[in-house]
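Residue numbers (the numbering used here), protein chains in the order written: chain C, 3 to 384; chain R, 4 to 84.
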């Protein structure tokens with residue numbers, strides 16, 4: 003495989019890693035920012051450092067992509083490229099609308115779509131999609147939501163005779179620790195995933211021996227990309243998770259993040275991977291319900307769930323389109339360059355639109371302004 | 004039949020373990036923080052009344068110790084993943 007298609011795919015994987023960090027900053031820090039336990043810029047800075055450190059913790063990188071979901075023999079460099087393009091586009095579109103959707107599901111969806119377009123639907127392992135995507139997506143919010151509900155109830159009950167400012171201070175400090183654990187785990191899981199994609203690209207492109215370990219530059223590049231993405235702060239998603247799902251107080255933030263960290267780490271430990279985004283979203287919902295008088299905006303939750311359902315098919319459609327585009331050219335490198343340029347133009351247009359009309363930043367992320375991010379219709383709030 | 008079909012796709016044993024760990028943490032973690040907060044409150048009251056703050060300090064230490072153990076377990080899970 004030519005050098006330039008491999009280089010282009012590695013660069014695209016790093017862009018995906020950036021959008022992954024950018025999109026998922028909210029997972030660790032939305033509640034910390036919402037309860038003002040940390041200032042927004044400091045919170046994303048801390049998450050960024052912990053994502054960077056987390057990327058170096060585990061050394062077990064599997065050189066597979068969508069293993070158990072598509073026939074690995076069909077995963078070529080152009081298909082990886084097309085899958086990444088689909089995942090990046092879906093990540094940026096959902097970010098624009100402030101939707102906390104799963105980057106992992108977007109990546110899997112992009113690759114599945116690209117494989118279907120390139121090799122046919124017979125190369126997709128549908129039972130793998132059920133066990134690795136559909137069922138975990140259903141289970142994750144419930145497991146974490148139940149734990150967060152219980153933790154929130156206990157937090158309020160055990161401290162009801164204590165002065166409010168002491169309680170707030172105590173839970174805010176503890177919340178920083180639990181959020182940090184989520185950020186660290188996110189760096190480990192998600193940066194490793196991109197490392198796997200880069201390694202597979204290098205192996206498939208004949209640039210790395212299949213038995214070789216992960217080169218240091220790959221680790222460093224992936225850790226840096228996810229850290230820079232995290233530091234850029236996906237403020238729109240932070241706004242949705244931190245302020246639109248429910249009004250979060252410090253005991254709820256602590257409960258949501260502790261439950262999320264426990265669910266992510268325990269599921270990883272037992273070898274059953276849950277989406278960080280869906281776990282944290284479930285935790286915030288559970289924490290919202292666990293406080294007496296707490297209100298969960300079910301309209302926002304409904305829109306999030308719809309987004310979770312359509313993430314994989316949408317990313318798959320974009321991955322399939324990208325694969326069709328690449329394969330329309332006799333030279334895969336030229337095809338990838340053209341599709342990459344078109345995708346880049348779409349990204350720039352979305353970013354420009356977001357900056358020009360609906361800019362959510364560290365300065366206004368907690369302001370209750372009318373913005374076109376995901377929100378409940380007034381009648382849907384319950 | 005539905006259970007049997009579901010089991011084909013999801014390891015129930017692992018799911019139960021994850022659920023149990025989450026529920027235990029959901030009880031232990033807020034309890035630990037609450038103990039520390041109660042200790043902080045007692046220490047402030049004791050200082051205001053010019054009494055010994057040993058009980059408050061001990062409660063803070065116990066709460067912090069439990070939290071430290073939880074964080075240690077989380078890091079252990081992360082490093083042995």
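All C-beta atoms, glycine included, are put in the ideal place defined by N, C-alpha and C.
Residue 1(C): first and last residue of the uninterrupted alpha helix (DSSP H) it sits in
One cannot answer for residue 1(C) here, as it falls past the ends of chain C, which runs 3 to 384.
Am I right that residue 238(C) and residue 47(C) are in contact with their C-beta atoms under 8 Å? What's the rounded C-beta distance?
In fact, because the Cβ distance is near 19 Å, the residues do not count as touching under 8 Å.
Within the 8 Å Cβ cut-off, does residue 213(C) reach chain D?
Absence of chain D from the displayed structure is noted, the protein chains being C and R.
Within 8 Å, do at least three Cβ pairs link the segment 161 to 173 of chain C to the segment 293 to 300 of chain C?
no
Short of 7 Å in beta carbon distance, which residues of its chain neighbour residue 155(C), apart from the five on each side in sequence? Order them along the chain.
292
Use the C-beta contact count for residue 19(C): other C-beta atoms within 10 angstroms, 16 or more gives buried, fewer gives exposed.
buried
Scan the segment 11 to 35 of chain R for residues whose Cβ lies nearer than 8 Å to a Cβ of chain C and list them as they occur along the chain.
11, 12, 13, 14, 17, 18, 20, 21, 22, 24, 25, 26, 28, 29, 30, 32, 33, 34
So, are the CB atoms of residue 122(C) and residue 85(C) less than 8 Å apart?
Not a contact, by the Cβ cut-off of 8 Å.
Closest to residue 175(C) by CA distance: which of 217(C), 41(C), 348(C) is it?
When C-alpha distances from residue 175(C) are compared across 217(C), 41(C), 348(C), the shortest belongs to 41(C).
Tell me which residue opens and which closes the alpha helix (DSSP H) that residue 366(C) is part of.
Per DSSP, residue 366(C) belongs to no alpha helix (DSSP H) and is neither H nor E.
Residues from the segment 44 to 75 of chain R in contact with chain C, defined by Cβ distance under 9 Å:
44, 47, 66, 70, 73, 74
Residues bridged to residue 69(C) by DSSP?
72(C)
Give the straight-line distance between the Cα atoms of residue 363(C) and residue 185(C), rounded to the nearest whole angstrom.
20 Å
Which residue comes first and which comes last in the alpha helix (DSSP H) that contains residue 18(R)?
15 to 51
Every unbroken alpha helix (DSSP H) inside the segment 78 to 133 of chain C [4 residues or more]
79 to 98, 105 to 121, 128 to 131
Should the segment 242 to 253 of chain C be regarded as contacting the segment 92 to 107 of chain C, the criterion being three or more beta carbon pairs within less than 8 Å?
yes
Residues sharing a beta bridge with residue 248(C), DSSP:
298(C)
In whole angstroms, what is the alpha-carbon distance linking residue 346(C) and residue 354(C)?
12 Å
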